[in-house]
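Residue numbers (our numbering), protein chains in the order written: chain A, 1 to 212; chain B, 213 to 936. Scroll down for the structure; my scribbles are underneath it.
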């Protein structure tokens with residue numbers, strides 16, 4: 001396990017928060033999973049942006065129906081972690097999904113995925129979206145939670161060129177995304193607004209341990 | 213009238229500029245943006261080595277341009293290995309046809325797009341819609357302008373010209389429901405409306421910021437996340453990329469990514485940067501794999517790549533910064549500052565991608581202030597390239613009788629100077645004296661001035677500096693330095709008193725001045741009007757005029773002359789027999805304040821402190837053209853009380869012949885300048901260029917502002933303590 005560079009971690013947090021990401025430092029995976037369940041419990045039910053054959057609640061702020069049963073998706077978790085998460089979700093009455101997200105393109109409540117590494121200079125997470133469900137979890141969720149190991153934070157973009165290259169070579173047809181804050185626009189009168197297509201909120205869980 | 217038609221006629225274009233100048237929403241928006249952008253950009257670049265990164269991008273993109281064919285071959289091989297079909301389109305029509313065919317072969321009905329300036333370049337939507345396809349833009353700004361059937365007014369913020377009220381009206385029409393004007397709500401309308409469009413789409417079309425040859429990957433840079441949706445949900449993905457988007461390695465892309473978002477929107481990085489390396493999993497596709505095509509567009513690019521001067525346009529990363537800092541864009545907006553591509557780069561790309569008919573008038577609308585060159589992510593010499601286009605247009609089409617006449621007069625110094633003297637005689641019935649005993653053209657009937665009425669025009673001096681020279685030439689026994697003066701036309705013939713003040717100042721500082729009489733116009737006005745051959749001729753005459761004696765320095769009180777001689781002579785004399793001979797003049801020429809401050813090293817000891825409140829205007833050609841920024845401010849403080857002014861280094865609107873061509877724009881630039889000057893409360897403004905004096909003094913005189921405008925040399929000469 002690589003040592004944690006506290007200076008880089010502090011810079012990463014400052015820069016991520018500067019673009020409206022919410023950063024949490026947590027000791028281990030169990031705490032991260034609990035955090036995701038708590039976030040899902042706290043948030044208003046997801047709005048259905050398209051038709052889906054599912055039980056619908058009252059209209060949300062954008063005058064479209066909401067989900068009655070919340071969905072938390074975590075496609076890239078290891079088996080044991082997913083099992084633990086699914087159990088916690090069941091206790092709360094949430095659906096916990098590992099795949100099949102194309103059935104829920106109208107929107108899900110929380111997407112929980114892991115980041116490969118972080119870039120301190122811009123508060124950026126590098127994510128692996130080769131698997132369509134993993135990619136969708138970060139796109140169609142209202143709240144996207146990324147889990148990042150504190151020991152995997154690097155100074156700036158040039159310092160990760162080699163890792164990006166290796167990452168892209170893992171398989172043909174790879175899909176790699178740098179994420180820096182939630183979906184954002186300033187296209188109307190240059191007024192900043194989040195959530196134009198993707199997540200309304202981005203949370204980053206910084207894990208102190210190495211077992212992601 | 214369509215944008216395309218407006219660009220075809222002088223009157224249509226000027227009418228369009230007038231209506232933009234009257235659009236108070238547009239003016240307010242672009243003003244706020246210009247001021248905010250400047251501050252935000254400066255702050256966000258403090259964390260990185262701006263100049264170093266720009267240099268790296270320029271070098272890497274120049275290298276990519278030289279190896280475009282190899283990179284294309286390598287990209288194609290790597291991408292094909294990963295299941296991607298690569299196409300190459302020679303023309304815009306070919307690219308449209310290829311994409312239309314891909315749609316046909318895959319039974320596509322609905323197309324969804326993320327932002328692509330290249331798709332705008334080839335008018336892809338029009339072509340696909342002609343085939344009965346439904347095409348939806350997903351970038352919020354692009355969607356808004358699509359609903360309005362307009363083109364983008366900025367490369368990064370395509371709908372910056374629109375108000376929330378206009379957007380609310382468009383959304384109300386699109387949804388059939390009345391819409392709130394709250395921006396947060398409007399953004400969510402797009403969220404709801406566009407999600408359904410993603411879901412029904414069979415084919416996604418994206419642009420491409422980087423096509424990385426080493427592994428055949430394409431990269432998109434967005435804030436909204438729409439590119440991720442467009443490239444993930446439909447079964448077919450078509451990438452449209454200009455050949456200039458090819459880069460050899462990921463490292464180059466990562467370097468450029470440190471500048472592109474900073475320059476575009478003052479962000480450290482955009483919310484999403486995606487690298488797609490091959491056809492990946494896609495549950496919507498019958499094979500389970502994405503049907504992925506990359507279409508490379510040539511449309512003249514391979515020819516440009518071979519051009520020794522213009523190949524540098526491929527350093528452009530489409531950040532839009534050249535528009536963000538352009539004083540003309542700020543006044544007239546993007547629809548008059550480009551065709552599809554906007555800003556300084558837009559003027560150039562229009563010429564190459566959309567033809568000279570659309571570029572002819574457009575290429576005139578650059579004031580030459582160099583603000584764009586100063587911020588360009590690839591260090592492109594944009595003002596120079598715009599001048600080159602003018603030269604090519606003149607070479608190809610001629611320049612019309614008045615220009616050709618002027619050009620032939622300028623070739624002959626004596627004829628040129630005699631003509632000015634005749635004008636000085638002929639104007640006499642029309643001149644009058646303003647404040648400070650400055651002579652103005654007072655009595656011209658307004659009808660002759662037309663749009664030029666916004667400032668008082670100075671009269672040509674009764675006696676030029678060159679005619680005074682024999683009488684006033686000082687004789688120094690043991691001068692500390694021997695210099696030559698390059699006068700420039702404005703000071704020789706309109707403001708000879710500024711040069712007399714210079715001679716007085718130099719005498720007091722024990723510096724010997726020579727004035728070689730064979731010097732003529734520096735040639736800048738000719739070059740900006742595309743009169744390249746005559747510009748070269750007068751340059752050669754000037755090289756000759758200064759070749760006979762050795763001087764410690766050659767000084768000019770005109771920053772425009774200094775910048776032109778220093779920066780443009782080496783370019784235009786590159787293939788001239790005068791190339792080597794020109795080096796002395798080019799290397800010795802110094803703008804006045806740099807000479808006085810840096811070379812002579814004057815201090816507060818050399819001047820009486822007048823106590824006067826003096827503010828400063830930084831001439832474009834001084835601060836950006838010659839890189840002289842601190843010297844004049846420190847000089848002012850040595851002789852007076854220096855009061856800083858807002859936007860000191862924003863163009864005053866003179867721009868030489870620009871203010872004759874676009875008086876409506878020049879007048880507004882001057883208006884802004886005077887507003888800022890007035891706010892300082894200073895009783896005097898000095899600057900280091902006669903053109904700026906002419907413009908700002910003329911404006912202050914016309915408005916009757918209690919601000920005296922002079923050349924900085926006059927302030928220094930008034931307060932110098934004699935060494936003799």
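Even for Gly, the Cβ is constructed at its ideal location relative to N, Cα and C. Just so we're clear, the structure is a prediction, and the values are computed from it rather than from any experiment.
Asked: Of the listed residues 797/B, 255/B, 700/B and 713/B, nearest to residue 926/B (C-alpha basis); Found: 713/B
Asked: Whole-number beta carbon distance between residue 431/B and residue 465/B, since they are thought to touch under 8 Å; Found: 6 Å
Asked: Same chain, Cβ closer than 7 Å to residue 105/A, neighbours up to 5 away in sequence not counted; Found: 50 and 140
Asked: Residue 659/B in three-state terms, based on DSSP; Found: In this prediction, residue 659/B scores a pLDDT of 49, lower than 50, which makes its location untrustworthy; the coordinate-derived value is nonetheless stated afterwards. Helix at residue 659/B.
Asked: Residue from 536/B, 790/B and 731/B with nearest C-alpha to residue 773/B; Found: 731/B
Asked: Within chain A, the residues that residue 501/B reaches when beta carbons sit closer than 9 Å; Found: 173
Asked: For residue 416/B: DSSP bridge partner residues; Found: 324/B and 449/B
Asked: Identity of the residue in 224/B, 883/B, 620/B and 928/B nearest residue 547/B by Cα; Found: 224/B
Asked: 8 Å Cβ cutoff met for residue 425/B and residue 446/B; Found: no
Asked: Beta carbon proximity, residue 723/B to chain A, threshold 8 Å; Found: no
Asked: Beta-bridge pairing of residue 249/B - partner residues as DSSP gives them; Found: Beta-bridge pairing links residue 249/B to no other residue.
Asked: Other residues of its chain near residue 847/B: CB distance less than 7 Å, five sequence neighbours each side excluded; Found: 805, 808, 809, 924 and 928
Asked: Boundaries (first-last residue) of the alpha helix (DSSP H) holding residue 223/B; Found: 222-233
Asked: Distance between beta carbons of residue 283/B and residue 311/B, contact taken as under 8 Å; Found: The Cβ separation is near 22 Å, so there is no contact.
Asked: Straight-line gap, residue 793/B to residue 855/B (C-alpha atoms, nearest Å); Found: 42 Å
Asked: Where residue 627/B falls, given that 16 or more other Cβ within 10 Å makes a residue buried; Found: exposed
Asked: Sequence-distant residues of the same chain with beta carbon closer than 8 Å to residue 267/B, five excluded per side; Found: 591
Asked: Cβ-based neighbour list, residue 60/A, same chain, cut-off 6 Å, excluding 5 preceding and 5 following; Found: 47 and 66
Asked: Chain A within 8 Å of residue 624/B, Cβ atoms only; Found: no
Asked: Chain E contacts made by the region 385-403 of chain B, where a contact means CB separation under 7 Å; Found: No chain E appears in the structure shown, which is made up of the protein chains A and B.
Asked: Under 7 Å by beta carbon: chain A residues contacting residue 470/B; Found: 157
Asked: Contacts around residue 441/B, its chain only, beta-carbon distance under 6 Å, and the 5 residues preceding and following it disregarded; Found: 410
Asked: Residue 241/B - DSSP class collapsed to helix/strand/coil; Found: helix
Asked: Status (buried if at least 16 other CB within 10 Å, exposed otherwise) for residue 872/B; Found: exposed
Asked: In DSSP terms, what residue 719/B is bridged to; Found: DSSP output for residue 719/B lists no bridge partner at all.
Asked: Short CB-CB distance (under 8 Å) between residue 198/A and chain B; Found: yes
Asked: Closest residue to residue 706/B among 729/B, 362/B, 651/B and 692/B (Cα-Cα distance); Found: 651/B
Asked: Assigned secondary structure, residue 316/B (DSSP; H/G/I helix, E/B strand, else coil); Found: helix
Asked: Extent of the continuous beta strand (DSSP E) run through residue 423/B; Found: 422-424
Asked: Residue interval of the beta strand (DSSP E) (run including residue 56/A); Found: 56-59
Asked: C-beta atoms of residue 480/B and residue 159/A nearer than 8 Å; Found: no
Asked: Selection from 314/B, 309/B, 338/B and 304/B that minimises the alpha carbon distance to residue 296/B; Found: 314/B
Asked: Rounded C-alpha distance that separates residue 221/B from residue 901/B; Found: 33 Å
Asked: Test: residue 356/B CB closer than 8 Å to a CB of chain A; Found: yes
Asked: Interface partners of residue 130/A on chain B, CB under 9 Å; Found: 492 and 493
Asked: Whole-angstrom distance between residue 672/B and residue 635/B, CA atom to CA atom; Found: 7 Å
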